[in-house]
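Numbering (UniProt numbering), first residue to last: 1 to 386.
Ideal Cβ positions, reconstructed from N, Cα and C, are used throughout, including at glycine.
If you're wondering where the values come from, they're calculated on a predicted model, not measured in any experiment.
Read the structure below first, then the notes.
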């Protein structure tokens, strides 16, 4: 027995037992510690003791929405709207919360996001379009848009408090764009004379807008002259051409990274799960296969995609998708390994041999990554009108 003397008086001695092992730490304390760990560090913590394998599960489903939790995240937040609720997912800390407390998001479909704002429409009225800022709980109504049948991708050029802000709406089935600039009373239709189905939202690259069709071909639009015809700038990457299909992939995304345009393709064909190509010089029309993102994290969704430097250990060189397992774990594609994984547990749902086609096709459609800016103040946006 170890004796601890409280004073020189032996009458005040206290007898204590042997030190207890770390594995005996109270679950409540471990859950508290887990809130401050990245998802990769939490995975390492869980591997130390068998009794710690359930640490942090309580944080995955928060009983109430807390904007401070997601606005303080260094990474984009995945926002998904469903009928009567919306879901917020922080992939770095694996913080997931559902909310019915934001009436502006109930019954909406996400069209796009950018500069801390969501672009949404209402399921009950697909011609209505509005902007919503989560940091300030501010909504800006836009003039009604009436494309046939409705917008599917929307791109926001800058924050709406910028005088030069404009919005581009795209319908996959229509041959044109819908444009509205700050101060306009109506949307303007621009016929692009190119009957191609767009695979994802446009991306600004080297001062112009780049779009990709479902054959993996890149078209460019000059934002100073939207009426100009689309120009077929770059043919599809060679591996896609060898697949010999009209639709060579199930999902595709574009993102700009440090002066390079990246094209990401998800497919279940010819044993190609994920392919990433980079375009450094558009004039050469040459794609280069990307084998590693090194210290970067890639976030993809149908409505918006981001790439950024990793903010914690063990989370770089991975692609984060708008997909969850039935147990609630976020699905990640590990580019170095070449496989779908979760960072906390093994799961058959992400095993390529067990329904990869079903998995790739089931990415959430009404979802977008959004970089929330906690520094945005109400004074900056409350008085905004379009």
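- Shown here, residue 171 sits in coil according to DSSP, grouped into three states, outside any helix or strand.
- 76 is the residue among 118, 285, 108, 76 whose C-alpha sits nearest the C-alpha of residue 90.
- With a cut-off of 8 Å on Cβ pairs, the segment 99 to 111 is not in contact with the segment 333 to 340, counting fewer than three such pairs.
- When rounded, the separation of the alpha-carbon atoms in residue 82 and residue 371 is 20 Å.
- Exposure of residue 48 is indicated by the presence of fewer than 16 other C-beta atoms within 10 angstroms of its C-beta.
- Where residue 27 is concerned, the enclosing alpha helix (DSSP H) starts and stops at 27 to 34.
- Here residue 283 carries a helix assignment [DSSP, helix/strand/coil].
- In this chain, the beta strand (DSSP E) harbouring residue 190 covers 188 to 191.
- Here the alpha carbon of residue 182 sits roughly 40 Å from the alpha carbon of residue 335.
- Pairing residue 133 with residue 55, the inter-Cα distance amounts to about 33 Å.
- Annotation: residue 198 to residue 52 spans about 46 Å, alpha carbon to alpha carbon.
- Judged by DSSP in its simplified three-state form, residue 157 adopts coil rather than helix or strand.
- Considering only 283, 107, 287, 201, the residue with the shortest C-alpha distance to residue 275 is 287.
- Checking the DSSP bridge columns, you'll see residue 95 partnered with 90.
- In the structure shown, the three-state DSSP call for residue 23 is helix.
- For residue 141, the enclosing beta strand (DSSP E) stretches over residues 138 to 141.
- Annotation: residue 264 to residue 309 spans about 18 Å, alpha carbon to alpha carbon.
- Going by DSSP, residue 178 is part of the beta strand (DSSP E) stretching over 176 to 181.
- Taken atom to atom, the span from the alpha-carbon of residue 41 to that of residue 225 is near 49 Å.
- Rounded to the nearest angstrom, the gap between the Cα atoms of residue 26 and residue 32 is 10 Å.
- C-alpha of residue 128 to C-alpha of residue 122: approximately 6 Å in a straight line.
- Between the alpha carbons of residue 219 and residue 165 lies a gap of roughly 22 Å.
- Relative to the Cα of residue 113, the nearest Cα in the group 159, 217, 87, 84 belongs to 159.
- Between the C-alpha atoms of residue 152 and residue 28 there is a straight-line separation of about 44 Å.
- For residue 138, the number of other beta carbons within 10 angstroms of its own is at least 16, and it is reported as buried.
- Under the three-state reduction of DSSP output, residue 386 falls in the coil class, being neither helix nor strand.
- CA-to-CA, the gap between residue 161 and residue 74 works out to about 23 Å.
- In the same chain as residue 300, and ignoring 5 residues on each side of it, the C-beta atoms closer than 7 Å to its own belong to 253, 264, 319, 321, in chain order.
- In this structure, residue 86 lies near residue 105, with their beta-carbon atoms less than 7 Å apart.
- Looking at 95, 169, 190, 283, the one whose alpha-carbon comes closest to that of residue 200 is 169.
- Within the DSSP secondary-structure output, residue 367 pairs in a beta bridge with 80.
- Rounded to the nearest whole angstrom, the CA to CA distance from residue 184 to residue 256 is 29 Å.
- Residue state for residue 373 is assigned as coil, using DSSP reduced to three classes.
- Residue state for residue 204 is assigned as strand, using DSSP reduced to three classes.
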